[in-house]
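In the numbering used here, the protein residues as written are 4 to 290.
Just below is one structure, and these are the notes that go with it.
This is the structure we're talking about:
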């Protein structure tokens, strides 16, 4: 996300997220915040997602509220907020925020992070990464070794197509150099994930057609539709062929379900108040 830094105070996984063993066993509030490292008070950390029935939700924190201070530390940036909100003990925090009706202060309890991740359908792998609950040992070992960028990506605007009116499976496609097969890349909460598709699955065919040898434009057409449609996706998961059939989702609807929206050609959290949109402008390119 360029220079933006997302703090996963709770697990809100819209793509493969690798965390340390320490992170998974920390105590969290149930709030995901986002912001820019090194920013001043004009661009404070902002609550992005507040998971229901967590300490943050019970305290009354709302998505879009700005974090002004944590335990007396005022004017913190997102990196400092991360350190203060994820702790190794369950001691509550006093958080000052500004919401729709002005400033307010709450005391927020904590819950062990791993408990929240498990409720969201994830488990901790041997490498400290988070994986789908039904991931095998072989799958976790394979995915943990994905450390380089692919040669190209289909739907690479933050895992979404450039045309948000297209219907697509809710994931980007990693295009690797031949003879490596294409794989499922960053995957959102959407049609593909709900059907059981995993990050890193090798793609064998789409609606009976192999994706190999196709141009990027042809791949986008293969993996999307201008109108509602069903996709039959065949993948190879560590030597086991699996077939998934599911209805494609409109990209704009998938984004809304993942608390995101398009802004200046980029995907940002949908809860950002208008007065703070400038905080999410892309930094100027060096000349």
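C-beta atoms are modelled at their ideal positions from N, C-alpha and C, and glycine is treated no differently.
query, result
"What residue does the beta strand (DSSP E) around residue 105 start on, and which one ends it?", "105-111"
"Would the beta-carbon of residue 164 fall within 8 angstroms of that of residue 227?", "yes"
"Name the DSSP bridge partner or partners of residue 269?", "266"
"Could you have a look at residue 44 and say whether DSSP puts it in helix, strand or coil?", "coil"
"Specify, as a first and last residue, the run of the beta strand (DSSP E) that residue 156 falls within.", "155-157"
"Using 8 angstroms for Cβ pairs, my map puts residue 48 next to residue 70. What's the rounded Cβ distance?", "4 angstroms"
"With DSSP as the reference, label residue 243 as helix, strand or coil.", "strand"
"Residue 259: which of 273, 266, 250 and 268 sits nearest, CA to CA?", "273"
"Is residue 153 closer than 8 angstroms to residue 178 when the C-beta atoms are compared?", "yes"
"What do you get for residue 144, buried or exposed, if any count of 16 or more other CB atoms within 10 angstroms of its CB means buried?", "exposed"
"By DSSP, does residue 24 sit in helix, in strand, or in coil?", "Annotation note: pLDDT 38 at residue 24 (below 50); position unreliable, coordinate value reported separately. Note: residue 24 maps to helix in three-state DSSP."
"Just verifying my parser: in three-state terms, what is the DSSP assignment at residue 169?", "coil"
"Can you grab the Cα-Cα spacing for the pair residue 75 / residue 276, in whole Å?", "24 angstroms"
"Using only the alpha-carbon positions, how far apart do residue 72 and residue 91 sit?", "20 angstroms"
"Under the DSSP definition of a beta bridge, which residues are partnered with residue 134?", "126"
"Between which two residues does the beta strand (DSSP E) carrying residue 35 extend?", "34-38"
"State the CB to CB distance for the pair residue 117 and residue 57, rounded to an integer number of angstroms; the pair is presumed to be in contact (CB under 8 angstroms).", "With 8 angstroms as the limit, residue 117 and residue 57 do not qualify as a contact, their Cβ atoms being about 14 angstroms apart."
"Just verifying my parser: in three-state terms, what is the DSSP assignment at residue 86?", "helix"
"For residue 130 and residue 139, what's the separation of their Cα atoms in angstroms?", "13 angstroms"
"On the premise that residue 54 lies in contact with residue 62, defined as a C-beta separation below 8 angstroms, what is that separation, rounded to the nearest angstrom?", "No, residue 62 and residue 54 are not in contact; Cβ-Cβ is about 12 angstroms, not under 8 angstroms."
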